[in-house]
Amino acid sequence: MHHANYYYGHAHVLARYCGLADPAHPPRMLGYLQHGWNIGDGLAPGVPYVDGSPLFVWSEETRRRAVSQGRRNVVAIGSPFAYLHEMTPAADGERTGTIFYPFHGWEGQQVLGDHQRLIDEVRSVEEGPVTVCLYWNEHRVRGIRRLYERAGFRVICHGYRGFWWRDHDREFLVRQLGELRRHRRVVSNRLCSAIWYGLLTGADAAVYGDPMVLEDGDLTFGGEPRLRRQWPEVYGYATDRGTCRALARRELGADNLARPAELRSVLGWAEPLERCA
Numbered sequence: 257m258h259h260a261n262y263y264y265g266h267a268h269v270l271a272r273y274c275g276l277a278d279p280a281h282p283p284r285m286l287g288y289l290q291h292g293w294n295i296g297d298g299l300a301p302g303v304p305y306v307d308g309s310p311l312f313v314w315s316e317e318t319r320r321r322a323v324s325q326g327r328r329n330v331v332a333i334g335s336p337f338a339y340l341h342e343m344t345p346a347a348d349g350e351r352t353g354t355i356f357y358p359f360h361g362w363e364g365q366q367v368l369g370d371h372q373r374l375i376d377e378v379r380s381v382e383e384g385p386v387t388v389c390l391y392w393n394e395h396r397v398r399g400i401r402r403l404y405e406r407a408g409f410r411v412i413c414h415g416y417r418g419f420w421w422r423d424h425d426r427e428f429l430v431r432q433l434g435e436l437r438r439h440r441r442v443v444s445n446r447l448c449s450a451i452w453y454g455l456l457t458g459a460d461a462a463v464y465g466d467p468m469v470l471e472d473g474d475l476t477f478g479g480e481p482r483l484r485r486q487w488p489e490v491y492g493y494a495t496d497r498g499t500c501r502a503l504a505r506r507e508l509g510a511d512n513l514a515r516p517a518e519l520r521s522v523l524g525w526a527e528p529l530e531r532c533a
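For the sequence shown, this note's numbering assigns the number 257 to the initial residue and increments by one for each residue that follows.
Below, the structure written as structure tokens:
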């Protein structure tokens, strides 16, 4: 299986949805699964990929972009988060406060920007308690964590994404779903997967603040300027929940999720029915 298919526990979520006998050890997926929301063809820049292999993307919009860029054998199946949301009953309880996701880097690229400036803006805008969820890359930097802690924010991390078939945290999306459902608002300084995820769960969402700069960022698909042009509805301190949630459902493929048997067939996971839970 392509190592990126394990990121964030995606393969495990889909195996559970498909009712496989051992979802803790998903079988090899016959293709590449889009592992994060993006404005390109579903592949991350620089990710090793064998031309002609099936490409499993989240939405029909991404599938069309991929085909327009010469990709073939592209199938829109819906995002793993949308499947997890669908099969996980919501807990009772009132949503409170805001969860904030600062733009982040990863092993190969760091983010350049002023976290204190972001903190000051978030504190001036948000009402009630604020949880900041740092990506593992920033969470491991004590100086960055301390900035948010000193601001009085609750600081968390959903876990490690995983890399090269190692250290994948299969509960990553489970933790993220739980946190998003307990907060009234989700905000970020860049339009990202977490904003769409939060909207899908029923939270209000907003994108504002210094978007920061990704070191040696790839602007092939338009970068931050394109995000603002194409999805202006989610930018600003206050947005329309209904409009933005409809966009989230489209971007996550939430209205076109496959049935378990269909998804098993598409992913190459067909099993005798008696083995399926």
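For each residue, glycine too, the CB sits at the ideal point set by N, CA and C.
Item: Skipping 5 residues on each side, what residues in its chain have a beta carbon closer than 8 Å to that of residue 489?; Value: 495, 496, 499, 500, 503
Item: Does residue 530 come out as helix, strand or coil in the three-state DSSP assignment?; Value: For residue 530, the pLDDT reaches just 39, beneath the cut-off of 50, and the residue's location in the model is therefore unreliable, although a value from the coordinates is still provided. DSSP places residue 530 in helix when its eight states are reduced to three.
Item: At 3 residues or longer, what runs of the beta strand (DSSP E) sit wholly inside the stretch 344-428?; Value: 354-357, 386-389, 410-412
Item: Could you tell me which residues DSSP pairs with residue 312 in its beta bridges?; Value: 289, 331
Item: Applying the 10 Å Cβ sphere with the 16-neighbour rule, what's the burial state of residue 282?; Value: buried
Item: Of all the options 289, 268, 265, 298, which has the alpha carbon lying nearest to the alpha carbon of residue 258?; Value: 289
Item: Does the contact criterion of 3 or more C-beta pairs under 8 Å hold for the stretch 316-327 versus the stretch 341-351?; Value: no
Item: Is the stretch 450-460 in contact with the stretch 429-437, if contact means three or more CB pairs nearer than 8 Å?; Value: yes
Item: Is it the case that the stretch 265-277 contacts the stretch 294-301, given that we only count it when at least three CB pairs across the two stretches are under 8 Å?; Value: no
Item: Can you name, in chain order, every residue of its own chain whose Cβ lies under 7 Å from the Cβ of residue 286, other than the five neighbours on each side?; Value: 310, 523, 524
Item: Roughly how many angstroms separate the alpha carbons of residue 266 and residue 429, rounded to a whole number?; Value: 8 Å
Item: Would you mind reading off the limits of the alpha helix (DSSP H) that contains residue 505?; Value: 497-507
Item: Helix, strand or coil for residue 470, going by three-state DSSP, please let me know.; Value: strand
Item: Closest by CA to residue 261, which one among 284, 280, 278, 279?; Value: 284
Item: Is the number of C-beta pairs between the stretch 457-466 and the stretch 364-381 that are closer than 8 Å three or more?; Value: yes
Item: DSSP three-state call for residue 441: helix, strand or coil?; Value: strand
Item: Quick check: residue 360 and residue 391, are their CB atoms within less than 8 Å of each other?; Value: yes
Item: State buried or exposed for residue 459, treating a residue as buried only when at least 16 other CB atoms are found within 10 Å of its CB.; Value: buried
Item: Considering only residues of the same chain and omitting the five flanking positions on each side of residue 531, which have a CB-CB separation below 6 Å?; Value: Here residue 531 scores only 39 on pLDDT, less than 50, and its place in the model should not be relied on; the value that follows carries that caveat. Counting only Cβ-Cβ distances below 6 Å, and skipping sequence neighbours, we find 277.
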